[in-house]
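So the structure is just underneath, and the comments pick up after that.
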């Protein structure tokens, strides 16, 4: 953190290395008088060329290779990849035990990752600590709750997936090995405890102090009637978008802008949009379990939430949802006859979209007759959310322009962390610089 | 009382998964923080204590000119430097560029390749600076990480075995997937540490812990019954650039 004041009329707020986000990013804000002149979210995470590395690989290799884009949400990459490959090969696993098992392990990733964000990355902003460990010294009970939640998610991922980071059990068509009912039983106790902690988290988060902010970006998320969006669905928005994942390219465009060095996504007709917890909550409130809905209401949330600072409550509500749902899946679970269905390759293009904890993740692959990948395209949530994050940043600065540099810097960082950016995910943009006004 | 040793965690080109392993030590994290001062760990805190540091954990490989400079600074500021994971120890999945034309890669991903600053190769940390200890794995094992930290604090040698995954399978009581089912498996040439997870899930090992000490892939390759093209692929994943795997993929690419 390096606040610099150049002179009375122009000042610069910057953080050269953002903390408590996944990956490497920097923030740069320039203010002239009381007017914000420039806002930049610079991402200097090195490019890793996954789309290029995937060319020539077998279609069966994509889940394991793409999971290495992000150690925080590997399941999201594996799930979007298998959905896209199955789509290319004319196989749809939209119901039945394999789908439920996929949803179950995805719940594990959500519990771990949302728990990580709420407690380790986001909470210190509200309680006034530089980080989780500093917070833990004075609030041991809060820290232990966060770790217990994370651990429950990791235990679920490890049991179904083999390990918590880069699980090994997910393949095109299903799983290498499906657990028995008895094997899932030891998950019930920790998940019930996690659900209690999640409920306590909603109550606790509801009492945090929030700035009175209302933001109006277009909200985009998957949606499926009767179920909260996690592993599949149509892509919908609050401004009437309602498309199949296969139509993503028709409506969304990714650009490498001249002075931005970045690929970022926008809706072709309208511009920036937001994916992630706030979008899912606003678009699928009705699909939350009764327990999660009631918890949200008790914490003072309406059916819509437009304040990004309150995303911490929304994530806590989603934690209740996925703990509840994981328990329901385990309760109903019957192992599939075979752990995977046959998926024969063919020359085709396939699309897959699922909800990573921090937003929608889209994959598209073109395959040759024998399943060799000819072309790959991956659009991670953070590249979709970039423009909205910058718009939020600009609004935060404008509203708090009288604050001293140190405080303003912290507020700006918090505005970025509101959206749980995963910069490691954004493997295919190098640096974002937006010049305005 | 002597002051606590300081620990720094650094990220280079990587997925964040190996440093997340430290935060995933849910039962041990607060104990570690009691024994060591976590002086620099951006993923966990915006507080930064100035170096030099007693021990640095380094995640990721070197793929840009900026990283090549930064690792020199990290080395100069660290009494002990430990690499964590396949990227830092072997170059990682991004070392697939070492077998290809990086300009071609850039053109595939970016509309304006001129803006991209990258090196032609992805190299392990040890190709750039002296490394005191290396942990394998994509991702690393939590137990091995705790063992290395504990060994460091107690001034003893870490007990990290360099034998193959096969030994772990036997200890776990898993029936050999290659012998019993004919499933190709890199277990015989792969470094132990994961606990032989894949065979326990009816799947062949895919070598994410990299080569064991003195592997013999030439012999294994005959046993797998795989074609050259597939042999090239299975060695070219997360440890493609590691000695022991690189030669094997190159040999089969020539055939």
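Residue numbers (my numbering), protein chains in the order written: chain A, 1 to 437; chain B, 438 to 692. Where a beta carbon is used, it is the ideal one built from N, C-alpha and C, also for glycine.
Return no unless some Cβ of chain B is closer than 9 angstroms to the Cβ of residue 21 (chain A).
Interface residue, yes.
Could you list the residues in the region 62-85 of chain A with a C-beta less than 9 angstroms from some C-beta on chain B, going in chain order?
Here the close residues are 64, 65, 67, 68, 69, 70, 71, 72 and 74.
May I have the straight-line CA-CA distance separating residue 493 (chain B) from residue 573 (chain B), to the nearest angstrom?
Computed Cα separation, rounded: 16 angstroms.
Report the three-state DSSP secondary structure of residue 117 (chain A) (helix, strand or coil).
Correct three-state label for residue 117 (chain A): helix.
Does DSSP put residue 164 (chain A) in a helix, a strand or coil?
Residue 164 (chain A) falls in the coil class under three-state DSSP.
Thinking C-alpha only, which one of A:400, A:328, A:230 and A:131 is nearest residue 94 (chain A)?
Answer by Cα proximity: A:230.
Give the C-beta separation of residue 523 (chain B) and residue 675 (chain B) to the nearest angstrom, bearing in mind that I take them to be a contact with Cβ-Cβ under 8 angstroms.
Right, the Cβ-Cβ distance comes to about 5 angstroms (below 8 angstroms), so this counts as a contact.
Curious, which full-length beta strand (DSSP E) runs of at least 3 residues does the region 200-240 of chain A contain?
Listed in chain order, they are 218-223 and 234-237.
Count the other CB atoms, across all protein chains shown, that sit within 10 Å of the CB of residue 121 (chain A); report buried if there are 16 or more and exposed otherwise.
So residue 121 (chain A) counts as buried.
Just to confirm the assignment: which complete alpha helix (DSSP H) runs, minimum length 4, are found wholly within the region 325-405 of chain A?
Qualifying alpha helix (DSSP H) stretches, in chain order: 381-399.
Buried or exposed for residue 290 (chain A), going by 16 or more other Cβ atoms inside 10 Å?
Exposed, because fewer than 16 other Cβ atoms sit within 10 Å of the Cβ of residue 290 (chain A).
Identify which residue in A:321, A:115 and A:277 has its Cα closest to the Cα of residue 292 (chain A).
For residue 292 (chain A), the nearest C-alpha among the options comes from A:321.
Counting only Cβ pairs nearer than 9 angstroms, list the residues of chain B close to residue 177 (chain A).
Per Cβ cutoff of 9 angstroms: 637, 638, 639 and 640.
If you draw a straight line from the alpha carbon of residue 670 (chain B) to that of residue 624 (chain B), how long is it in whole angstroms?
Approximately 16 angstroms between the Cα atoms of the pair.
Spatial neighbours of residue 4 (chain A) within its chain, please: C-beta separation below 6 angstroms, excluding the five flanking residues on both sides.
At residue 4 (chain A) the pLDDT is 47, less than 50, meaning the model places this residue with poor confidence; the figure from the coordinates comes in the next sentence. Taken in chain order, the residues that qualify are 12.
List the whole-angstrom C-beta distance separating residue 202 (chain A) from residue 279 (chain A), where the pair is believed to meet the contact cut-off of C-beta under 8 angstroms.
So it is not a contact: roughly 19 angstroms between Cβ atoms.
According to DSSP, is residue 260 (chain A) part of a helix, a strand, or is it coil?
Residue confidence is low: residue 260 (chain A) scores 47 on pLDDT, short of 50, so the model does not pin down where it sits. Its coordinate-derived value is still stated next. Correct three-state label for residue 260 (chain A): coil.
Since residue 415 (chain A) and residue 393 (chain A) should fall inside the 8 angstroms C-beta cutoff, what is the C-beta to C-beta distance between them, to a whole number of angstroms?
5 angstroms between Cβ atoms; contact.
For chain A, check one thing: does any of its Cβ atoms lie closer than 9 angstroms to the Cβ of residue 576 (chain B)?
Closer than 9 angstroms: yes.
For residue 117 (chain A), which residues in chain B fall below 8 angstroms Cβ to Cβ?
Under the 8 angstroms cutoff, chain B gives no residues; its nearest Cβ is about 11 angstroms from residue 117 (chain A).
Residue 57 (chain A) and residue 372 (chain A) - do their beta-carbons sit closer together than 9 angstroms?
The answer is yes: Cβ separation under 9 angstroms.
Residue 665 (chain B) CB to nearest chain A CB: under 9 angstroms?
No, its Cβ sits nowhere closer than 9 angstroms to a Cβ of chain A.
Please go through the region 458-491 of chain B and give each complete beta strand (DSSP E) segment of 3 or more residues, from N-terminal end onward.
Runs found: 473-478.
Taking all protein chains shown into account, do 16 or more other C-beta atoms lie within 10 angstroms of the C-beta of residue 217 (chain A), making it buried, or fewer, making it exposed?
It is buried - the Cβ of residue 217 (chain A) has at least 16 other Cβ atoms within 10 Å.
Could you pull out every residue in the same chain whose Cβ sits closer than 8 angstroms to the Cβ of residue 663 (chain B), ignoring the five residues on either side in sequence?
So the qualifying residues of the chain are 621 and 671.
Within a Cβ cutoff of 8 angstroms, which residues of the same chain sit near residue 554 (chain B), ignoring the five residues on either side of it in sequence?
For residue 554 (chain B), where only same-chain residues beyond five positions count, the Cβ hits under 8 angstroms are 501, 502 and 503.
What are the uninterrupted segments assigned as beta strand (DSSP E) that are 3 or more residues long and contained completely in the region 500-569 of chain B, given in chain order?
Counting only runs of 3 or more, we get 515-521.
Sorry if obvious, but does the Cβ on residue 491 (chain B) come closer than 8 angstroms to a heavy atom of the ligand ADP?
Questions concerning the ligand ADP fall outside what the structure shown contains, since it holds no ligand whatsoever.
Since residue 35 (chain A) sits in a beta bridge, which residues does DSSP pair it with?
Bridge partners of residue 35 (chain A): A:32.
How is residue 16 (chain A) classed by DSSP in three states: helix, strand or coil?
DSSP places residue 16 (chain A) in coil when its eight states are reduced to three.
Do the region 181-189 of chain A and the region 129-137 of chain A touch if we need at least three Cβ pairs shorter than 8 angstroms?
No, the region 181-189 of chain A is not in contact with the region 129-137 of chain A.
Any idea if residue 653 (chain B) is buried or exposed, counting beta-carbon neighbours within 10 angstroms, 16 or more meaning buried?
Classification for residue 653 (chain B): exposed.
Give the straight-line distance between the Cα atoms of residue 357 (chain A) and residue 384 (chain A), rounded to the nearest whole angstrom.
Looking at the two C-alpha atoms, the distance is approximately 14 angstroms.
Could you name the residues of chain A that residue 634 (chain B) contacts, counting a contact when the two beta carbons are closer than 8 angstroms?
Neighbours of residue 634 (chain B) on chain A, chain order: 162, 163 and 168.
With 9 angstroms set as the bound, which would you pick, yes or no: does the beta-carbon of residue 418 (chain A) sit closer than that to a beta-carbon of chain B?
Residue 418 (chain A) does not count as touching chain B.
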